[in-house]
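Per my numbering, the very first residue in the sequence shown carries number 1; after that it's consecutive. Note that CB positions come from ideal geometry on N, CA and C, so glycine has one too. Being a predicted model, the structure only gives us computed values, none of them experimental.
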Amino acid sequence: MHFHRSQLVRSAFAAAAVLIACSGPWAGEAMAQGGTTLQVTNSTGAEVPVMITLGSPYGINNVTQLPSKWNVKAAGSPLKGTFKLAAHSSVSFNSGLQSFSANISFGPSFTAPGCGSTKTTACYPNATNLAEFTLNYPGETVDLSGVNGTNAMISVNFTGQSSANPWNDGAGGNGNITKIANQSITNWSPVPGVYGWAGTNCTSSVNPPNPLPNCPAPKQAPAAPQLQSVAQCNIQRPATSPSGGTVQIVFTGWAPGSQPPLNCN
(Lines of atoms letter the chains of each structure in order from A; the text may use other names.)
(Lines give C-alpha, C1' and ligand atoms only; values in the text may rest on other atoms or scores of the structure.)
Protein backbone atom coordinates (compact mmCIF):
# COMPACT_ATOMS: atom_id res chain seq x y z
CA MET A 1 0.00 0.00 0.00
CA HIS A 2 1.37 3.37 -0.96
CA PHE A 3 0.39 6.06 1.52
CA HIS A 4 2.03 9.46 1.17
CA ARG A 5 0.94 10.66 4.57
CA SER A 6 3.03 10.62 7.72
CA GLN A 7 2.68 7.56 9.88
CA LEU A 8 0.03 8.14 12.52
CA VAL A 9 -0.43 6.35 15.81
CA ARG A 10 -3.37 4.07 16.41
CA SER A 11 -6.58 5.97 16.99
CA ALA A 12 -7.94 5.95 20.50
CA PHE A 13 -11.45 6.56 19.33
CA ALA A 14 -13.82 3.96 20.72
CA ALA A 15 -17.35 4.79 19.55
CA ALA A 16 -19.05 2.41 17.16
CA ALA A 17 -18.94 3.23 13.47
CA VAL A 18 -21.99 4.40 11.62
CA LEU A 19 -22.49 2.02 8.71
CA ILE A 20 -24.27 3.23 5.63
CA ALA A 21 -24.78 1.81 2.15
CA CYS A 22 -26.78 3.30 -0.70
CA SER A 23 -27.62 3.05 -4.37
CA GLY A 24 -27.58 5.78 -6.98
CA PRO A 25 -24.40 7.54 -8.04
CA TRP A 26 -25.06 10.80 -6.20
CA ALA A 27 -26.96 9.54 -3.18
CA GLY A 28 -25.91 9.86 0.43
CA GLU A 29 -24.91 13.54 0.64
CA ALA A 30 -26.63 14.01 3.99
CA MET A 31 -25.78 10.68 5.59
CA ALA A 32 -23.08 11.78 7.97
CA GLN A 33 -24.02 11.54 11.61
CA GLY A 34 -20.88 13.08 13.01
CA GLY A 35 -17.67 12.56 11.09
CA THR A 36 -16.86 12.54 7.40
CA THR A 37 -18.62 10.14 5.02
CA LEU A 38 -16.73 8.22 2.34
CA GLN A 39 -18.68 7.49 -0.81
CA VAL A 40 -17.43 5.32 -3.70
CA THR A 41 -19.28 5.81 -6.99
CA ASN A 42 -19.26 4.06 -10.34
CA SER A 43 -20.52 6.61 -12.86
CA THR A 44 -20.13 4.26 -15.84
CA GLY A 45 -22.63 1.94 -17.48
CA ALA A 46 -20.76 -1.24 -16.57
CA GLU A 47 -19.95 -3.03 -13.31
CA VAL A 48 -16.46 -2.31 -12.01
CA PRO A 49 -14.26 -4.36 -9.62
CA VAL A 50 -12.92 -2.41 -6.64
CA MET A 51 -9.94 -3.10 -4.38
CA ILE A 52 -9.56 -1.56 -0.92
CA THR A 53 -6.50 -1.68 1.34
CA LEU A 54 -6.84 -0.45 4.91
CA GLY A 55 -4.20 1.28 7.03
CA SER A 56 -3.46 -0.91 10.06
CA PRO A 57 -2.84 1.78 12.74
CA TYR A 58 -6.38 3.13 12.45
CA GLY A 59 -9.78 2.36 13.93
CA ILE A 60 -11.06 0.65 10.79
CA ASN A 61 -8.43 -2.06 10.39
CA ASN A 62 -10.36 -5.10 9.14
CA VAL A 63 -12.51 -5.33 6.02
CA THR A 64 -15.21 -7.01 8.13
CA GLN A 65 -15.80 -3.58 9.70
CA LEU A 66 -17.01 -2.23 6.37
CA PRO A 67 -20.76 -2.29 5.65
CA SER A 68 -22.12 -5.75 4.90
CA LYS A 69 -23.98 -4.35 1.89
CA TRP A 70 -20.62 -3.65 0.26
CA ASN A 71 -20.11 -7.43 0.15
CA VAL A 72 -16.36 -7.09 0.56
CA LYS A 73 -14.41 -10.32 0.20
CA ALA A 74 -11.10 -10.52 2.09
CA ALA A 75 -8.08 -10.92 -0.19
CA GLY A 76 -5.42 -12.76 1.79
CA SER A 77 -5.30 -10.25 4.64
CA PRO A 78 -7.79 -8.57 6.99
CA LEU A 79 -6.54 -5.28 5.55
CA LYS A 80 -7.35 -6.11 1.91
CA GLY A 81 -10.62 -6.78 0.18
CA THR A 82 -12.43 -6.68 -3.14
CA PHE A 83 -16.01 -5.93 -4.10
CA LYS A 84 -18.00 -5.12 -7.23
CA LEU A 85 -19.75 -1.84 -7.83
CA ALA A 86 -22.73 -1.98 -10.15
CA ALA A 87 -23.19 0.47 -13.00
CA HIS A 88 -24.38 3.91 -11.89
CA SER A 89 -24.30 3.05 -8.21
CA SER A 90 -22.61 4.08 -4.97
CA VAL A 91 -21.71 2.72 -1.56
CA SER A 92 -21.06 4.87 1.49
CA PHE A 93 -19.55 4.54 4.95
CA ASN A 94 -19.32 6.97 7.85
CA SER A 95 -16.89 5.60 10.44
CA GLY A 96 -18.04 8.16 13.00
CA LEU A 97 -15.47 8.45 15.76
CA GLN A 98 -13.29 5.66 14.41
CA SER A 99 -10.39 6.77 12.23
CA PHE A 100 -10.47 5.42 8.69
CA SER A 101 -7.43 5.39 6.41
CA ALA A 102 -7.22 3.38 3.20
CA ASN A 103 -6.62 3.39 -0.51
CA ILE A 104 -9.04 2.37 -3.23
CA SER A 105 -8.14 1.19 -6.69
CA PHE A 106 -10.06 -0.36 -9.54
CA GLY A 107 -9.29 -3.78 -10.98
CA PRO A 108 -9.99 -7.50 -10.51
CA SER A 109 -6.84 -8.71 -8.75
CA PHE A 110 -4.23 -7.78 -6.14
CA THR A 111 -1.60 -9.53 -8.29
CA ALA A 112 1.16 -6.99 -9.09
CA PRO A 113 -1.08 -3.90 -9.17
CA GLY A 114 1.94 -1.66 -8.64
CA CYS A 115 3.85 -2.94 -11.67
CA GLY A 116 3.42 -2.46 -15.39
CA SER A 117 3.46 -5.18 -18.03
CA THR A 118 3.67 -5.70 -21.77
CA LYS A 119 1.82 -9.03 -21.66
CA THR A 120 -1.43 -9.03 -23.62
CA THR A 121 -3.19 -10.85 -20.76
CA ALA A 122 -1.94 -8.51 -18.00
CA CYS A 123 -4.58 -6.96 -15.76
CA TYR A 124 -2.51 -3.82 -15.30
CA PRO A 125 -0.28 -2.89 -18.26
CA ASN A 126 0.04 0.59 -16.79
CA ALA A 127 -0.09 -0.51 -13.11
CA THR A 128 -2.85 0.97 -10.94
CA ASN A 129 -3.49 4.39 -9.49
CA LEU A 130 -4.93 4.90 -6.03
CA ALA A 131 -7.47 7.11 -4.32
CA GLU A 132 -5.95 7.54 -0.83
CA PHE A 133 -7.59 9.03 2.24
CA THR A 134 -7.45 9.43 5.99
CA LEU A 135 -10.80 10.48 7.44
CA ASN A 136 -12.23 11.05 10.90
CA TYR A 137 -8.79 11.68 12.31
CA PRO A 138 -7.42 15.06 13.44
CA GLY A 139 -5.90 16.22 10.18
CA GLU A 140 -7.82 14.61 7.31
CA THR A 141 -6.10 14.08 3.93
CA VAL A 142 -7.08 12.87 0.46
CA ASP A 143 -5.07 12.40 -2.73
CA LEU A 144 -4.99 10.58 -6.06
CA SER A 145 -1.73 8.70 -6.55
CA GLY A 146 -0.35 7.79 -9.95
CA VAL A 147 3.05 6.97 -8.44
CA ASN A 148 2.81 3.33 -9.56
CA GLY A 149 1.05 4.15 -12.81
CA THR A 150 -2.50 4.89 -13.96
CA ASN A 151 -5.22 2.51 -15.08
CA ALA A 152 -8.38 4.36 -14.07
CA MET A 153 -9.87 7.79 -14.45
CA ILE A 154 -10.89 8.93 -10.97
CA SER A 155 -12.29 12.13 -9.56
CA VAL A 156 -12.98 13.11 -5.96
CA ASN A 157 -15.77 15.49 -4.96
CA PHE A 158 -15.72 17.28 -1.59
CA THR A 159 -19.17 18.36 -0.42
CA GLY A 160 -20.86 19.48 2.79
CA GLN A 161 -17.69 20.64 4.55
CA SER A 162 -17.71 23.46 7.07
CA SER A 163 -17.05 26.90 5.61
CA ALA A 164 -14.76 27.48 8.59
CA ASN A 165 -12.62 24.44 7.76
CA PRO A 166 -12.63 23.72 4.00
CA TRP A 167 -10.33 21.37 2.14
CA ASN A 168 -7.12 22.97 0.80
CA ASP A 169 -4.09 21.92 -1.25
CA GLY A 170 -1.33 23.18 1.03
CA ALA A 171 1.46 24.94 -0.84
CA GLY A 172 -0.69 25.18 -3.96
CA GLY A 173 -2.53 28.10 -2.40
CA ASN A 174 -6.06 26.86 -3.13
CA GLY A 175 -8.01 27.33 0.07
CA ASN A 176 -11.31 25.75 -0.89
CA ILE A 177 -10.92 22.56 -2.96
CA THR A 178 -14.21 21.04 -4.08
CA LYS A 179 -12.98 18.57 -6.75
CA ILE A 180 -9.81 16.86 -7.95
CA ALA A 181 -9.27 14.47 -10.87
CA ASN A 182 -6.42 12.60 -12.52
CA GLN A 183 -5.46 12.28 -16.17
CA SER A 184 -4.07 9.33 -18.11
CA ILE A 185 -0.37 8.58 -17.73
CA THR A 186 0.25 9.93 -21.24
CA ASN A 187 -1.65 13.16 -20.61
CA TRP A 188 -0.52 14.10 -17.10
CA SER A 189 -0.34 17.70 -15.93
CA PRO A 190 0.45 19.17 -12.48
CA VAL A 191 -3.00 19.69 -10.96
CA PRO A 192 -3.91 19.83 -7.24
CA GLY A 193 -4.34 16.57 -5.38
CA VAL A 194 -2.58 14.29 -7.87
CA TYR A 195 0.79 12.52 -7.59
CA GLY A 196 2.38 11.75 -10.97
CA TRP A 197 4.21 8.61 -12.02
CA ALA A 198 7.30 8.01 -9.83
CA GLY A 199 6.65 11.29 -8.01
CA THR A 200 6.94 9.72 -4.56
CA ASN A 201 7.46 13.04 -2.77
CA CYS A 202 5.17 15.05 -5.03
CA THR A 203 7.89 17.45 -6.14
CA SER A 204 10.69 14.87 -6.24
CA SER A 205 11.24 11.18 -6.94
CA VAL A 206 12.88 9.13 -4.17
CA ASN A 207 12.91 5.32 -4.39
CA PRO A 208 9.99 5.00 -6.78
CA PRO A 209 8.18 1.63 -6.75
CA ASN A 210 8.98 0.91 -10.39
CA PRO A 211 10.86 0.12 -12.55
CA LEU A 212 12.68 -2.54 -10.58
CA PRO A 213 14.13 -5.89 -11.69
CA ASN A 214 10.88 -7.71 -10.87
CA CYS A 215 8.50 -4.78 -11.29
CA PRO A 216 8.45 -3.18 -14.74
CA ALA A 217 7.44 0.41 -15.37
CA PRO A 218 4.00 1.07 -16.85
CA LYS A 219 3.77 0.18 -20.53
CA GLN A 220 3.09 3.83 -21.37
CA ALA A 221 5.48 5.33 -18.82
CA PRO A 222 6.98 8.70 -19.75
CA ALA A 223 10.72 9.23 -20.09
CA ALA A 224 11.01 10.96 -16.69
CA PRO A 225 9.08 11.14 -13.39
CA GLN A 226 5.98 13.30 -13.40
CA LEU A 227 6.63 15.92 -10.71
CA GLN A 228 4.77 18.88 -9.31
CA SER A 229 6.53 22.26 -9.03
CA VAL A 230 4.83 22.96 -5.67
CA ALA A 231 3.70 20.58 -2.93
CA GLN A 232 0.01 20.49 -3.79
CA CYS A 233 -0.48 16.72 -3.97
CA ASN A 234 -2.30 16.31 -0.64
CA ILE A 235 -5.76 17.77 -0.15
CA GLN A 236 -6.11 18.38 3.57
CA ARG A 237 -7.87 20.00 6.49
CA PRO A 238 -6.18 21.37 9.61
CA ALA A 239 -5.41 19.06 12.52
CA THR A 240 -8.21 20.40 14.68
CA SER A 241 -11.15 18.03 14.36
CA PRO A 242 -12.94 16.29 11.49
CA SER A 243 -15.47 18.60 9.90
CA GLY A 244 -17.96 16.23 8.33
CA GLY A 245 -19.28 16.38 4.80
CA THR A 246 -18.71 13.77 2.11
CA VAL A 247 -15.62 12.66 0.21
CA GLN A 248 -16.90 11.03 -2.97
CA ILE A 249 -14.46 8.91 -5.00
CA VAL A 250 -15.83 8.51 -8.53
CA PHE A 251 -14.72 5.94 -11.09
CA THR A 252 -15.35 7.56 -14.47
CA GLY A 253 -13.79 4.92 -16.73
CA TRP A 254 -10.62 3.06 -17.64
CA ALA A 255 -7.62 5.06 -18.75
CA PRO A 256 -6.69 4.62 -22.41
CA GLY A 257 -4.92 1.30 -22.98
CA SER A 258 -5.58 0.14 -19.41
CA GLN A 259 -8.88 -1.73 -19.30
CA PRO A 260 -8.25 -5.22 -17.86
CA PRO A 261 -8.90 -7.91 -20.48
CA LEU A 262 -11.25 -10.78 -19.72
CA ASN A 263 -9.56 -13.51 -17.66
CA CYS A 264 -6.53 -11.29 -17.13
CA ASN A 265 -3.65 -12.37 -14.94
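I104 places its beta carbon 7 Å or farther from that of I235.
Under the 8 Å Cβ criterion, the region 195 to 209 counts as touching the region 132 to 147, having at least three qualifying pairs. Take M153, set aside five residues on each side of it, and the residues of its chain with a beta-carbon closer than 6 Å to its own are T252, G253 and A255, in chain order.
Residue burial annotation: P125 is buried, with at least 16 other C-beta atoms found within 10 angstroms of its C-beta.
By the Cβ neighbour-count rule, E47 is exposed, with fewer than 16 other Cβ atoms within 10 Å of its own. With respect to the 7 Å criterion, A181 and A231 are not classified as neighbours on the basis of their beta carbons.
For W254, the secondary structure class from DSSP, reduced to helix, strand or coil, is strand. Note on geometry: alpha-carbon atoms of K80 and P113 lie some 13 Å from one another. With a contact defined as Cβ atoms closer than 8 Å, G96 and G35 qualify at about 5 Å. Segment contact: the region 107 to 122 against the region 62 to 70, fewer than three CB-CB distances shorter than 8 Å; contact not assigned. In the three-state scheme derived from DSSP, where H, G and I count as helix and E and B as strand, V191 is classed as coil. Taking all protein chains in view, the Cβ of G116 is crowded by 16 or more other Cβ atoms within 10 Å, so the residue is classified as buried.
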